[in-house]
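Data first, discussion second: the structure below is written as structure tokens.
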Amino acid sequence: MPELPEVETIKNDLLPLVVGRTIEGIELIESSIVSTPRPDEFLRRIIGRTVTGLERRGKYLIFRLDKGYLIMHMRMTGSLLAVPAGSDATEAVRGARVRAILDLDNDTHLYFFDRRGLGKMWAVGDKEEVVGRLGPEPLQPDFTPDVLKGILALHRSPVKAVLTDQQAIAGIGNMYADEALFEARINPITPASKLSAEQVGRLYVAIRQVLQSGIAGRGASVDTYFRPGGGLGQAHLKFKVAHRFRKPCPVCGTPIERVMVRNRGSYFCPHCQPLIKYTLEEGDSAPRKVVQKRLKTHRVVVQSNQP
DNA sequence: CCCGGAACCTGAAGGC
DNA sequence: TGCCTTCAGGTTCCGG
């Protein structure tokens with residue numbers, strides 16, 4: 001699932017191939033991939049334009065054009081494959097769900113794969129139409145510990161839900177939120193506004209560390225993600241809790257548990273990330289029934305499959 | 001306003 | 001063996 005480190009890797013890999021190139025054509029195999037505007041107008045806005053820059057904002061990939069912007073979002077299963085001139089894509093494309101193909105003037109073809117078809121593209125004059133509501137970039141200098149403290153203080157929902165809220169902080173998804181909370185030794189269902197100053201400080205360091213590590217590993221290939229050159233990322237090899245259900249915690253050996261937060265599976269170590277019960281009851285705005293259910297869920301591993 | 005949950009979507013995996 | 005159900009999670013929308 002492309003999150004900040006994966007999209008950053010896609011951007012870095014694609015940069016030398018697309019900047020300065022003109023988009024000669026687009027094959028829209030599934031026009032539902034276009035979010036805005038309508039597909040015919042989308043093509044009119046993009047075809048013939050020259051790519052002058054490539055940027056990332058949160059999980060969005062932004063092609064800066066000589067006029068306007070082409071923006072892509074991979075959602076869960078989207079990925080891009082760049083096929084340079086003289087290469088044969090037949091084998092790579094076999095059996096894959098190709099949603100669109102961009103043809104560049106250097107005879108490079110950019111394939112937008114998406115197994116589940118939730119990925120989207122936009123053609124807009126002002127990129128803020130698409131990314132304007134995103135929270136701060138967690139790796140930028142203006143994302144300070146005080147900024148994080150202010151964001152967390154605004155939310156009484158579980159800290160895990162705040163970390164993955166794109167309007168609170170941009171770019172963090174399920175995997176890196178779990179990893180950051182583990183590194184900070186914070187239980188995912190702790191209400192965000194109830195975190196201590198010490199916990200916020202640890203979380204700040206952890207967020208930046210796990211994202212930097214993800215970029216250094218060129219993204220996590222846990223599902224369908226691969227790099228534009230076709231290779232896999234390595235970041236998932238360093239994961240300590242994400243997607244490691246019932247495997248031993250690398251710190252204490254306790255089996256990793258999984259709890260649902262906002263209908264998202266959250267992996268954590270029950271020993272290293274203990275829940276402070278009174279904190280939850282006092283600071284959580286959720287109905288008492290939901291709180292009790294969460295507490296119960298936390299203590300009991302709710303998973304039907306056997307180890 | 002804020003929160004939780006459903007819908008969108010398809011393929012993998014588990015249960016019977 | 002094969003069909004059916006469940007689950008995966010980023011985003012948006014709706015209802016309490």
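Going by the working numbering, the first sequence opens with residue 1, and the numbers climb by one from there. C-beta atoms are modelled at their ideal positions from N, C-alpha and C, and glycine is treated no differently.
* Spatial neighbours of T108 within its chain, please: CB distance less than 8 Å, with the 5 preceding and 5 following residues excluded, ordered by chain position. => Along the first sequence, one-based indexing puts residue 108 at 108. Around T108: L17, V18, R21, A82, V83, P84, A85.
* To do: Let me know the secondary structure DSSP gives R21 once reduced to three states.
  => For this step, residue 21 is matched to residue 21 along the first sequence. If DSSP states are grouped into helix, strand and coil, R21 belongs with coil.
* To do: Whole angstroms is fine: what's the gap from L134's alpha carbon to I71's?
  => Position 134 of the first sequence, counted from the start, is the residue given in the question as residue 134. Position 71 of the first sequence, counted from the start, is the residue given in the question as residue 71. Roughly 14 Å between the two C-alpha positions.
* Asked: Between the segment 238 to 247 and the segment 172 to 181, do at least 3 Cβ pairs fall closer than 8 Å?
  -> yes
* To do: Below 6 Å CB to CB, which residues in the same chain sit around V302 once its five sequence neighbours on both sides are set aside?
  => In the first sequence, the residue the question calls residue 302 occupies position 302. Reliability of the predicted coordinates at V302 is poor, the pLDDT of 28 falling under 50, and the value obtained from them is presented with this limitation in mind. Closer than 6 Å at Cβ, skipping near neighbours: no residue.
* To do: Sort out for me which residues DSSP pairs M121 with in a bridge.
  => The residue given as residue 121 occupies position 121 in the first sequence. Paired residues: V34, M72.
* **Coarse secondary structure for N12, derived from DSSP in three states** => Indexing the first sequence from 1 puts residue 12 at position 12. DSSP places N12 in helix when its eight states are reduced to three.
* To do: Mind checking which residues open and close the alpha helix (DSSP H) that includes I186?
  => Locating residue 186 in the first sequence gives position 186, where the first residue counts as 1. Taken as a continuous stretch (DSSP letters only), I186 belongs to no alpha helix (DSSP H), as it is neither H nor E.
* Asked: Does DSSP put S193 in a helix, in a strand, or in coil?
  -> For this step, residue 193 is matched to residue 193 along the first sequence. Residue state, collapsed to three classes: helix.
* Asked: Whole-angstrom Cβ separation of L80 and F112, contact assumed at under 8 Å?
  -> Along the first sequence, one-based indexing puts residue 80 at 80. Along the first sequence, one-based indexing puts residue 112 at 112. So it is a contact: roughly 6 Å between Cβ atoms.
* Asked: From Q306 to E183, what distance separates their C-alpha atoms?
  -> To locate residue 306, count along the first sequence from 1; it is residue 306. To locate residue 183, count along the first sequence from 1; it is residue 183. Caution is warranted here: a pLDDT of 26 is assigned to Q306, below 50, making its placement in the model unreliable, and the coordinate value is therefore given only provisionally. Answer to the nearest angstrom: the Cα atoms are 27 Å apart.
* Alpha carbon to alpha carbon, how far is P2 from E198? -> Position 2 of the first sequence, counted from the start, is the residue given in the question as residue 2. Position 198 of the first sequence, counted from the start, is the residue given in the question as residue 198. Approximately 30 Å between the Cα atoms of the pair.
* Going by beta carbon distance, what residues of the same chain come within less than 7 Å of Q234, once the five residues before and after it are set aside? -> Within the first sequence, numbered from 1, the residue matching residue 234 stands at position 234. Once the five neighbours on either side are set aside, the close Cβ partners of Q234 are G217, R218.
* Buried or exposed: where does V205 fall if 16 or more other Cβ atoms within 10 Å of its Cβ makes it buried? -> Your numbering for residue 205 matches position 205 in the first sequence. Under this definition V205 is an exposed residue.
* To do: Would you list the residues sitting across from D165 in a DSSP beta bridge?
  => If you number the first sequence from 1, residue 165 lands on position 165. According to DSSP, D165 bridges with nothing at all.
* L102 and I207 closer than 8 Å at C-beta -> For the purposes of this step, residue 102 is taken as the residue at position 102 of the first sequence. For the purposes of this step, residue 207 is taken as the residue at position 207 of the first sequence. No, these two residues do not count as a Cβ contact at 8 Å.
* Asked: What is the DSSP secondary structure of P248, reduced to helix, strand or coil?
  -> For this step, residue 248 is matched to residue 248 along the first sequence. Three-state result, P248: strand.
* To do: Return helix, strand or coil for P307, following the three-state DSSP convention.
  => Within the first sequence, the letter at position 307 stands for residue 307. With a pLDDT of only 26 at P307, under the threshold of 50, the placement of this residue in the model should not be trusted, and no figure is reported.
* Does the segment 144 to 161 come close enough to the segment 185 to 195 to have 3 or more Cβ pairs within less than 8 Å? -> yes
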